[in-house]
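Student:
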Amino acid sequence: ACRIRVDDRAEVFARIRQMVLNLLKQEKSFKAGIQRKRMNLLKQEKSFKAGIQRKRMMCAMDQEYLATVLGSLS
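For the record, in the sequence shown the residue sitting at position 35 is 66 according to my numbering, with numbers rising by one throughout.
#1: If we count the other Cβ atoms within 10 Å of its Cβ and call it buried at 16 or more, is C90 buried or exposed?
#2: Mapping DSSP to helix, strand and coil, what is E58?
#3: Could you have a look at G102 and say whether DSSP puts it in helix, strand or coil?
#4: Please identify the residue among L55, V100, M92, L97 whose C-alpha is closest to the C-alpha of I83.
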């Protein structure tokens with residue numbers, strides 16, 4: 032059985048998901064692509080901004096980026 036559907040856990044997880052979505056929308060430092068990110072640091076050029084799905088994926092793959100996103104909480 033799905034544990035999220037027990038008691039009020041579904042509401043709690045929905046609120047957590049909404050908070051994460053808001054954090055990712057506020058975060059503006061990530062530019063699409065790791066290689067592009069490294070090149071932009073060297074050249075200091077701008078590139079297109081990444082979407083929410085790409086930011087979520089980068090949080091899962093890159094611990095430094097996750098810390099950046101979570102650091103925007105305070």
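All C-beta atoms in this analysis are idealised placements derived from N, C-alpha and C, irrespective of residue type, glycine included.
Tutor: In brief:
#1: buried
#2: Residue state, collapsed to three classes: coil.
#3: helix
#4: L55
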